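Q:
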Amino acid sequence: MARISKNTNLSGAVANLVFVQNGKEQYVRSKPGKVKQSAQTKAAASVFGWASTRDKIYRKVLVEKLAIVTDNRYAARHRARMTKTLIKATPDQSSTADLSFQNPEALLGFDFNSNLPWEKSTQFYPEFSHDEARNVQCKIPSLQWGKQIKPPKKITKAQLIFEAFTINPNTENIAITNLATLTVEISATRNQEAITWDFAFPTNSEWVVVIGILSFDLSQSNLSSTERSSATYLWAKNTSKIE
Numbered sequence: 151m152a153r154i155s156k157n158t159n160l161s162g163a164v165a166n167l168v169f170v171q172n173g174k175e176q177y178v179r180s181k182p183g184k185v186k187q188s189a190q191t192k193a194a195a196s197v198f199g200w201a202s203t204r205d206k207i208y209r210k211v212l213v214e215k216l217a218i219v220t221d222n223r224y225a226a227r228h229r230a231r232m233t234k235t236l237i238k239a240t241p242d243q244s245s246t247a248d249l250s251f252q253n254p255e256a257l258l259g260f261d262f263n264s265n266l267p268w269e270k271s272t273q274f275y276p277e278f279s280h281d282e283a284r285n286v287q288c289k290i291p292s293l294q295w296g297k298q299i300k301p302p303k304k305i306t307k308a309q310l311i312f313e314a315f316t317i318n319p320n321t322e323n324i325a326i327t328n329l330a331t332l333t334v335e336i337s338a339t340r341n342q343e344a345i346t347w348d349f350a351f352p353t354n355s356e357w358v359v360v361i362g363i364l365s366f367d368l369s370q371s372n373l374s375s376t377e378r379s380s381a382t383y384l385w386a387k388n389t390s391k392i393e
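Our numbering puts the first residue of the sequence shown at 151, with every later residue one more than the last.
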């Protein structure tokens, strides 16, 4: 119901009209009609809601366990990327019953912190390989400050961490199981020779993931905490699909 305000303007609604006050201006708009949703639209909304809930749990576990620095739009960006890992058991399935996260490779290259993208901070590419016994070998090239590691101005040292772990986003209680961690200290006066990093993963139907985290020492800088760290997915496999 509309009412007269102190400045004699109408405020509220009359029938299908809505009176809106915006500062000194007043305008009238019609009430929006009821949105009609098709079966396909409702199904898509159901899938999005389910995927969003699972991704929220996944993200919370991941960020807390690995202490990853993220930007303020990280959640929406990660949710969108996570939906690309979804696979339906049947092409025409309209519910979430046969939905599951099966394609972790779709996460590769995702930036957890868009304020300091991985490709802006680094210029090296680890090479991963694995054998039938599920042993993984990661070859990391030599790292030189200012070339393979690109710091912000006035920064002289950093820590590079590689985290290998398994995680199953399809379970009720999502948890991370650490497989191996490699930590490299690098600075303007200390480069890093090439490294071969080995680890193994178990036989199960989980994802095996490697995340790289580069953290700069800001003790002598005025940069904010959101500009100190960069992280990305470097390697990911669905172990149930590895023969």
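Glycine included, each C-beta is placed from N, C-alpha and C at the ideal position. Since we're looking at a predicted model, the values are computed, not measured.
#1: So, for asparagine 328: in the same chain, excluding its five sequence neighbours on each side, which residues have a beta-carbon less than 6 Å away from its beta-carbon?
#2: Please classify glycine 362: is it buried, with 16 or more other beta-carbons within 10 angstroms of its beta-carbon, or exposed?
#3: Out of Tyr224, Asp205, Gln287, which has the shortest C-alpha to C-alpha gap to tryptophan 385?
#4: Do glutamine 309 and glutamate 343 come within 7 Å of each other at the CB atom, strictly closer than that value?
#5: Please tell me whether valine 334 has its Cβ less than 7 Å away from any Cβ of chain B.
#6: What's the C-alpha gap between leucine 364 and phenylalanine 312?
#7: Do you know offhand how far asparagine 263's Cα is from asparagine 222's?
#8: How long is the line joining the alpha carbons of aspartate 205 and isoleucine 237, rounded to whole angstroms?
#9: Looking at the structure shown, is glycine 199 part of a helix, part of a strand, or coil, going by DSSP?
#10: Classify serine 279: buried if its beta carbon has 16 or more other beta carbons within 10 angstroms, exposed otherwise.
A: To lay it out plainly:
#1: Phe315
#2: Of the residues assessed, glycine 362 falls on the buried side of the cut-off, its CB having 16 or more other CB atoms within 10 angstroms.
#3: Gln287
#4: no
#5: Included in the structure is just one protein chain, with no chain B present.
#6: 9 Å
#7: 9 Å
#8: Whole-angstrom Cα-Cα distance: 15 Å.
#9: helix
#10: exposed
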